[in-house]
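Take a look at the structure below.
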Amino acid sequence: MSRLPFFYGWVMLPVVTLISICTSPGQTYGIAVFNPYLREALSLSNSELSGAYALGTILASLPLTYVGALMDRYGPRRVLFGVVFLFGITCLGMTQVSGLVTLFMAFFFLRLLGQGAMSMMARNALAMWFNKRLGTASGMASVGLAVAIGGIPALSIALIEAYGWRGAYAILGGLVWLLVFPLLVFVFRNRPEDMGQVPDGGWVGDGQTPVQVEDPGYTLREVFRARSYWIAVCCMASWSMSGTGVQFHIVSIFAGRGLDAAAVAKMFSVYAVVMAGGRFLAGVLADRFRLNLLLSVALVAQCLGLVALNELDPVWLPLVFPIFSALGSSLLVSVGETMWVRYYGRRHLGKIRGSVSTIGVASSGVGPFIMGAAFDFFGGFQQVLWGCAGLAAALALLAPGATPPPDRRA
């Protein structure tokens, strides 16, 4: 095998970033701009729309462990071919949505294939190529994704204005195929060993067949018995639940504090800027500090952001809340990108991360529903925000217990 003059992981980094960006039609920020058009075209109430979204998201989380097992068996490249094909079909299928049932089915597949399977396999692919520098690499990928979060909604709105919401989704699906399929055919590679390299760079011995890097290889059953797994998963589920819930209801939450849509727009602008820098910084920190302590700091930031929504002077809310939220999210994402492969190895990473994604995606579906129900019951969001803040504070105290398992490679 001829040697490349560089580490191929640096080629995989922008590939993984672009694949992550192409999940946007199935992400909350990508779907949200279509909500007013869906309500009007299908004559749906807010509760019907959010209910279909929540149920579709929760059910979409269930098969992700199986998808992860397929990745472990066949490699992310082969599985991504099928997932990307089906994701594009689902985007095209949005043009045929005619009522609540078909909308629920579309939400189910958008969330399963976009937010769930494609996102999970993109993250897993990066973890195959980087180990000690995984935090930094993930942070660099997240900067590109942060830019997309600011740009994709604007692109979708422009497409809706030009071609209608049905045409816009069809075009987005076509763009996913156009961008991702060539990468999978010509550029994407599963792991460095396939090219005679090792994670983070370097080569196996001259004239040798590529060998497997030492790997602790914890199975999913073994991981389920680990205290650190459940502590970390609960912390991440808490963030997913409250973060998605707040994002889904942010206009109403700000209105309850006397703030208008302009304040919401300002908040998102601040959030995007802080997140772009915060995710890169958090990735660097994940390579240098204990992940369980960073997890605790992330939960503290989450708690402070939720308290700010209730107690901070509304004048400062569009500035202070997104700073806490973006910094906490940046730390949490970086921990999630690095913890599973460093703690439990690469051999069964698909199944392990699939189980994490199942819980995380389900939590993101539950959050908007719980907050909406609390608003209907209490007449406001204050009580549920205090409850979420209290949960974050309790988990911040537990997070240091998410320590690495014994290194059985020694």
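In the working numbering, the protein residues as written are 6 to 415.
Backbone N, C-alpha and C define an ideal beta-carbon position, used for all residues, glycine too.
Just so it is clear, the structure is predicted and the values come from calculations on it, not from any experiment.
Between the alpha carbons of Pro323 and Val190 lies a distance of about 44 Å.
Within 10 angstroms of the beta-carbon of Arg78 lie fewer than 16 other beta-carbons, which makes it exposed. Between Gly372 and Met246, the C-beta spacing is below 8 Å.
By the CB criterion at 8 Å, Leu150 and Ile26 fall inside the cutoff. Residue range Ala266 to Ala291 is occupied by the alpha helix (DSSP H) that includes Lys271. Considering only Ala407, Tyr58 and Ser368, the residue with the shortest C-alpha distance to Leu115 is Tyr58. With fewer than 16 other beta carbons inside 10 angstroms of its own, Tyr168 counts as exposed.
The C-beta distance from Ala163 to Ile364 rounds to 35 Å, too long to fall under 8 Å, and the pair is not in contact. For Asp381, the uninterrupted alpha helix (DSSP H) run begins and ends at Leu354 to Phe383, by DSSP. In terms of Cβ geometry, Tyr34 and Pro221 do not form a close pair [threshold 8 Å]. Secondary structure of Leu336 (DSSP, three-state): helix. One Cα belongs to Leu9, the other to Trp15, and the distance between them is close to 12 Å.
Residue environment for Gly104: exposed (fewer than 16 other C-beta atoms within 10 angstroms of its C-beta).
In the displayed model, Ala404 falls within a helix according to three-state DSSP. Counting along the chain, no alpha helix (DSSP H) covers Tyr13, and no H or E run does either. Non-local C-beta neighbours of Tyr13 in its own chain, meaning closer than 8 Å and more than five positions away in sequence, comprise Trp134, Arg194, Pro197, Met200 and Gln202, ordered along the chain. In this chain, the alpha helix (DSSP H) harbouring Val312 covers Leu296 to Glu316. Ser247: member of the alpha helix (DSSP H) spanning Arg232 to Gly261, first to last residue.
The beta carbons of Trp170 and Phe253 sit about 19 Å from each other, so the pair does not count as a contact at 8 Å. Boundaries for Cys27: no alpha helix (DSSP H) harbours it, and the DSSP string shows neither H nor E there. Going by DSSP, Tyr223 is part of no alpha helix (DSSP H) at all; its letter is neither H nor E. Going by C-alpha positions, Gly283 is about 12 Å away from Ser143. If you look at Leu131, you'll find it in the alpha helix (DSSP H) that goes Ser124 to Trp134.
Taking a contact as a CB-CB distance under 8 Å, the pair Pro405 and Asn297 counts as one, their CB atoms being some 5 Å apart. Contact check for Phe259 against Ala270 fails: the beta carbons are separated by 8 Å or more. Inside the segment 59-133, DSSP marks whole alpha helix (DSSP H) runs of 4 or more residues at positions 69-79, 81-98 and 105-115, from first to last along the chain. Counting every other CB atom within 10 Å of its CB across the protein chains shown gives Trp244 a total of 16 or more, marking it as buried. Contact between the segment 98-112 and the segment 45-65 is present: 3 or more CB-CB pairs across the two stretches fall below 8 Å. With a threshold of 16 other beta carbon atoms within 10 Å, Glu166 falls short and is exposed. Between the C-alpha atoms of Ser29 and Leu317 there is a straight-line separation of about 32 Å. In this model, Ser339 and Cys308 are separated by some 18 Å (Cα to Cα).
Judged by DSSP secondary structure, Asn40 falls within the alpha helix (DSSP H) whose first and last residues are Asn40 to Leu47. If you draw a straight line from the Cα of Trp391 to the Cα of Met76, it comes to about 40 Å. Taking Met280 as the centre and dropping the five residues before and after it, the same chain places the C-beta of Ala151, Ala331, Ser334 and Ser335 closer than 7 Å to its C-beta, in chain order. Between Gly341 and Ala74, the CB-CB gap reaches or exceeds 8 Å. In this structure Gly119 is in contact with Phe92, their Cβ atoms being roughly 6 Å apart against a cut-off of 8 Å.
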